[in-house]
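Before any comments, here is the structure.
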Ligand code: HEC
Ligand code: HEC
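Numbering (the numbering used here), first residue to last: 7 to 397.
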């Protein structure tokens, strides 16, 4: 229980940071621009009304948009959310770029709601950009074969579109997910800024995006940090995650209740035996622990729906992979030179992770004393936020 000392220490640091953040640093500039769209959501009447009565009509989705705009500093415009402006997510087979329909590959999508048969399709894209303090990532996924996949402006239809915005200063994170089972024109996505013309825009929004509340359902997998970077995304070389560190704040934006930023309620692994991983980033107790981390350490899921269409050389269930090492193993970032070196340096870490939180089929029933968990650092710089566990 010595961990609670660490947690208290963190709260003190947050309080100090909160005080510091309230002061405008030299060089901070006033936001330029016209009147309507740049009016701070907190002083915008439509926002105030929607947030005061979030249970009525479409007020909750309006309030979410207002609070996200305030917490992130800005929201992307439809022009900024064009899938064709994104970078292609390249899937590899035997080291070669996949350009046709293939039965398996080296780095399938790990999101298991992408059916196994679609996890190696070419033509998905990701766009990353910053606005103010916030980083946005837009993912446009193909779940069906598109003959014209290589010409994104000619075929801009995607079966799944998601957007995440993250402000690493406060931890504020907002999620958007397209309405399910629809093909969307990824170059004409519906405006997510509902802070003006609120009710008309909210009706349009509701036809295109899911009402995801505060996005808590996304935390099942986005459980270590707002952004996930699996080997599926390995071709994206220029996509940094600003602010990512083991103690970076992570908070949800609530569309209801008195404060905008609330705790995620997540926990992460902080055992000493996990430090070879957690020195760089957290290992969240959701799918990162049960699936993504094992996958990164050569263990590929074998039970649907998690099973992915890996090429044989990219799997290592026997623990003796040499041919596909470097494909089967994609962590730690500074990968040891060969499989033998990996085993020597990291087998104990792997065993610890698999025991504490590995997939059910691999869990020896242990969540024993050595598995130390800590609560996710919550919002930073919001009055009263540190004590807020629920909306
Ligand atoms: C079942 C697990 C799972 C859930 C639930 C989930 N995601 Fe993801 N998401 C992933 C994985 C895994 C990736 C990384 C790419 C890959 O391997 O498929 C990802 C990537 C993303 C990305 C690209 C940026 C990044 O972090 O890499 C966005 C945007 C995104 N998800 C949005 C959402 C939203 C919005 C929700 C909630 C409505 C959500 N996701 C829920 C698994 C999930
Ligand atoms: C030297 C730093 C470093 C070490 C050590 C490290 N990682 Fe990572 N890891 C990263 C980076 C960087 C990413 C890419 C994410 C990003 O762009 O922020 C990542 C991503 C991941 C992901 C994808 C999901 C996510 O949260 O983005 C998993 C899973 C993961 N690492 C597991 C591990 C495991 C397990 C270990 C220990 C065996 C480990 N990592 C050690 C730096 C590291």
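Heads up, the beta-carbon is just placed ideally off N, CA and C, and yes, glycines get one too.
All values reported here derive from a predicted model rather than from experimental measurement.
- Residue 344 places its beta carbon less than 9 Å from that of residue 331.
- Between residue 311 and residue 124, the C-beta spacing is not below 9 Å.
- Straight through space, the alpha carbons of residue 207 and residue 146 are spaced by roughly 22 Å.
- Taking a 10 Å sphere around the C-beta of residue 277, we find 16 or more other C-beta atoms and assign the residue as buried.
- Look at residue 147 here: in three-state DSSP terms it is strand.
- Listed in chain order, the non-local C-beta contacts of residue 287 below 8 Å within the same chain comprise 230, 231, 250, 251 and 252, local neighbours out to five positions each way being set aside.
- The continuous alpha helix (DSSP H) containing residue 301 extends over residues 299 to 302.
- Beta-bridge partners assigned by DSSP to residue 136: 141.
- In the three-state reduction of the DSSP assignment, residue 361 falls in the helix class, which pools H, G and I.
- In the DSSP assignment, residue 172 falls outside any alpha helix (DSSP H) and lies within the beta strand (DSSP E) extending over 166 to 172.
- Residue pairing for residue 290: DSSP places it in a beta bridge opposite 274.
- Nearest C-alpha to residue 306 among 93, 73, 54 and 113: 113.
- Bridge partners of residue 184 according to DSSP: 215.
- Relative to ligand 1, residue 127 has its C-beta separated by 8 Å or more from all heavy atoms.
- Following the DSSP letters along the chain, one finds residue 267 inside the beta strand (DSSP E) bounded by residues 267 to 269.
- With contacts defined as CB atoms closer than 9 Å, residue 86 and residue 242 fail to qualify as a contacting pair.
- Between the C-alpha atoms of residue 355 and residue 203 there is a straight-line separation of about 53 Å.
- When 226, 161, 218 and 235 are compared, the shortest CA-CA separation from residue 259 is found for 218.
- Distances taken from the Cβ of residue 183 to the heavy atoms of ligand 1 include one shorter than 8 Å.
- Two segments are said to touch when three or more pairs of C-beta atoms, one from each, lie closer than 8 Å; by this definition the segment 183 to 191 does not touch the segment 52 to 67.
- Here DSSP, grouped into helix, strand and coil, assigns residue 178 to strand.
- Taking a C-beta distance under 9 Å as the contact criterion, residue 195 and residue 72 do not qualify as a contact pair.
- Non-local beta-carbon contacts of residue 65 in its own chain, meaning distances under 8 Å to residues more than five positions away in sequence, involve 55, 56, 57 and 59 in chain order.
- With at least 16 other beta carbons inside 10 angstroms of its own, residue 221 counts as buried.
- DSSP lists 103 as the beta-bridge partner residues of residue 98.
- The criterion of a C-beta distance shorter than 9 Å is not satisfied by residue 149 and residue 161.
- For residue 271 and residue 333, the gap between their C-alpha atoms comes out near 33 Å.
- Residue state for residue 47 is assigned as helix, using DSSP reduced to three classes.
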